[in-house]
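J.: To start, I am sharing the structure in question, which I have written as structure tokens.
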Amino acid sequence: MRIFADSGFWLAVYAANDKYSKVAQATFRSLAGQRVTFFVTDYIFDETLTLLMTRLGHSYARQWWGEWLLTDNHVRFIRIDPEQWNDAWELFKRYDDRGFSFTDCTSFVVMRQLKLRDVFTFDQHFKQMGFRLWPQI
1 MRIFADSGFW LAVYAANDKY SKVAQATFRS LAGQRVTFFV TDYIFDETLT
51 LLMTRLGHSY ARQWWGEWLL TDNHVRFIRI DPEQWNDAWE LFKRYDDRGF
101 SFTDCTSFVV MRQLKLRDVF TFDQHFKQMG FRLWPQI
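Our numbering puts the sequence shown at residues 1 to 137.
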């Protein structure tokens, strides 16, 4: 399985006080032992690291998420390149009525380029752009 993983999902997996924590943790655990590749961009890395640092502290964010993500064989880390950035900027300008963040737009561009349909997220913006949300709540 190849799946994009958004910051809201990672936050819910690691922050027990998040409203989606139980469902996110159960979904994450259900993949144990399966062949899964998580796709994460540098923008998602930044957003998640900042959220976890704010809620759980710098050490926790660095050690339990940042170090794991950057070294795990099941994670494909993608750095947004200038062409992807430009495409995201065009999407951001075009959808001024949807409330998409620029980070959302970078994710949409990467997902389309890699032909990824599934995304771990609770953010309905991905569904609006035609992607399938995991878990479905």
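Note that the Cβ used here is the ideal one computed from N, Cα and C, for glycine as well.
1. Put Leu70 into one of helix, strand or coil per three-state DSSP.
2. Between Tyr20 and Phe9, what straight-line distance do the alpha-carbon atoms span, to the nearest angstrom?
3. When you compare the CB positions of Thr106 and Ile78, do they come within less than 7 Å of one another, or not?
4. Tell me whether the beta-carbon of Val110 lies closer than 7 Å to the beta-carbon of Thr41.
5. For Arg76, tell me which candidate among Gln25, Thr37, Ala15, Gly66 has the shortest Cα-Cα distance.
6. By the three-class DSSP mapping on this structure, what secondary structure does Arg29 have?
7. Would you report the Cα separation of Gln124 and Trp134, rounded to the nearest angstrom?
8. Classify Asp97 as helix, strand or coil using the three-state DSSP reduction.
9. Taking the continuous alpha helix (DSSP H) assigned at Ala5, which residues delimit it?
T.: The relevant details are as follows:
1. helix
2. Cα-Cα distance, rounded: 8 Å.
3. no
4. yes
5. Thr37
6. Arg29: helix per DSSP, three-state reduction.
7. Using only the alpha carbons, I get a separation of about 11 Å.
8. If DSSP states are grouped into helix, strand and coil, Asp97 belongs with coil.
9. No alpha helix (DSSP H) holds Ala5; the beta strand (DSSP E) holding it covers 2-5.
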